[in-house]
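Heads up: the sequence lines are chains D and E, in that order.
Read in order, the letters of the first sequence are residues 1 to 114 in our numbering.
Read in order, the letters of the second sequence are residues 1001 to 1114 in our numbering.
We treat Cβ as the ideally placed atom computed from N, Cα and C, and that holds for glycine.
Quick notes on the structure that follows.
Protein chains: 2
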Amino acid sequence: MVVHDLTEEEIDRIFKALADRTRRDIVRRTFSAESSISELAQHYKMSFPAVQKHIAVLEAADLVTRIPQGRERIIRGNPATIRRAQELLSHFEHIWRSRIDRLDALLAEDEPQT
Amino acid sequence: MVVHDLTEEEIDRIFKALADRTRRDIVRRTFSAESSISELAQHYKMSFPAVQKHIAVLEAADLVTRIPQGRERIIRGNPATIRRAQELLSHFEHIWRSRIDRLDALLAEDEPQT
DNA sequence: ATAATATGCAACCAAATGGTTGTACATGAC
DNA sequence: GTCATGTACAACCATTTGGTTGCATATTAT
């Protein structure tokens, strides 16, 4: 059931992409509704090319897909990649839990019966 | 039940911290067993201060804690922060799901009965 | 006391990041 | 055809990032 067939480089790209407030906001918007780049750009104080660059970062991380539609590029969020990221984080939790289990086992060894 | 009382700056720090291979590896190791900085540093080709800096980044994101113990600093992973990050990601999924629900509702409206 | 170990921290450097402006091109509207 | 809109992309700039070396300090071991 472990699916994270991602390279370390891909993981880098996903977390780097999510490590920016504007990009997280773009992800939120594109998850809630598809929008063109200029529609998205209206919501931020920065220039249009700046927003374009953020979208390029998100696309490189496969968090978002750019779909040509006439002269527009429709941006759609990709929930599968978010799922992958969640799996990565839950992997850390598994490690933690197995550590706790090992510590519990050690304690049980020290006190055969109380 | 929504707990993510994190500022955007804190979220930035968490994802930026996780966006580096060495730092993810340090998190894995400190989740599986506490180690000193020099123990951790032995596993990487880079210099000791470089590893120190990575740990400082992780500590600023509250992903690990530095516990002074004699002349050593024991590094312990903090699973609560990983949990927060997971909650943030699952928030995206919720947005996605409610979007799908809205689309389904629209379709149902278009076809009152089939 | 001296030596070895573990850490802290400053100064420096190259590369990446996040922004800008300017220009070019494709598509849709009139 | 002309004009407006939407996007692409290059060049530039300041700041951040991820690494280095060198030196100082604290703690443990002999």
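C-beta contact flag for residue i and residue j at 8 Å
{"i": "Leu58/D", "j": "Ala17/D", "result": "yes"}
{"i": "Ile37/D", "j": "Gln52/D", "result": "yes"}
{"i": "Phe1031/E", "j": "Arg99/D", "result": "yes"}
{"i": "Arg1015/E", "j": "Phe15/D", "result": "Here residue 1015/E turns out to be Phe, not Arg, going by the sequence shown. Cβ atoms of Phe1015/E and Phe15/D: closer than 8 Å."}
{"i": "Arg21/D", "j": "Asp1005/E", "result": "no"}
{"i": "Arg1028/E", "j": "Ile95/D", "result": "yes"}
{"i": "Glu77/D", "j": "Leu63/D", "result": "Note that residue 77/D is Gly in the sequence shown here, rather than Glu. Yes, they are a contact pair."}
{"i": "Ala19/D", "j": "Ala1019/E", "result": "yes"}
Cβ neighbour criterion (16 or more within 10 Å) applied to residue i
{"i": "Lys1045/E", "result": "exposed"}
{"i": "Thr81/D", "result": "buried"}
{"i": "His54/D", "result": "buried"}
{"i": "Gly70/D", "result": "exposed"}
{"i": "Leu106/D", "result": "exposed"}
{"i": "Arg1023/E", "result": "buried"}
{"i": "Thr1114/E", "result": "Interpretation of Thr1114/E is limited by its pLDDT of 49, a score under 50 that renders its predicted location unreliable; no figure is taken from the coordinates."}
{"i": "Ser35/D", "result": "buried"}
{"i": "Ile26/D", "result": "buried"}
{"i": "Ala33/D", "result": "exposed"}
{"i": "Ala41/D", "result": "buried"}
{"i": "Ala1061/E", "result": "buried"}
{"i": "Ala1056/E", "result": "exposed"}
Per-residue contacts from residue i into chain D (C-beta, under 7 Å)
{"i": "Thr1033/E", "result": "Checking the sequence, you will find Ala at residue 1033/E rather than Thr. Simply Arg99."}
Interface residues of chain E facing residue i [CB-CB closer than 7 Å]
{"i": "Lys16/D", "result": "Ala1019"}
{"i": "Glu8/D", "result": "Arg1021"}
Neighbouring residues, chain E, relative to residue i (Cβ below 9 Å)
{"i": "Leu89/D", "result": "Leu1018, Ile1082, Arg1083, Ala1085, Gln1086, Leu1089"}
Under 8 Å by beta carbon: chain E residues contacting residue i
{"i": "Asp12/D", "result": "Ala1019, Asp1020, Arg1021"}
Within chain D, the residues that residue i reaches when beta carbons sit closer than 9 Å
{"i": "Ile1093/E", "result": "Note on residue identity: the sequence assigns Glu, not Ile, to residue 1093/E. Within chain D, the residues near Glu1093/E are Phe31, Pro79, Ile82, Arg83, Gln86."}
Item to check | Length at least 3, wholly inside the stretch 43 to 101 of chain D: the beta strand (DSSP E) runs in chain order | outcome: Within the stretch 43 to 101 of chain D, the complete beta strand (DSSP E) runs of at least 3 residues are 64 to 69, 72 to 77.
Checklist entry - Of the residues that make up the stretch 1072 to 1086 of chain E, which ones have a beta carbon closer than 9 Å to any beta carbon in chain D? => result Result list: Gly1077, Pro1079, Ile1082, Arg1083, Ala1085, Gln1086.
Checklist entry - Quick one, which residues of the stretch 1052 to 1069 of chain E are near chain D if we go by CB-CB under 7 Å, in chain order? => result Answer in chain order: no residues at all.
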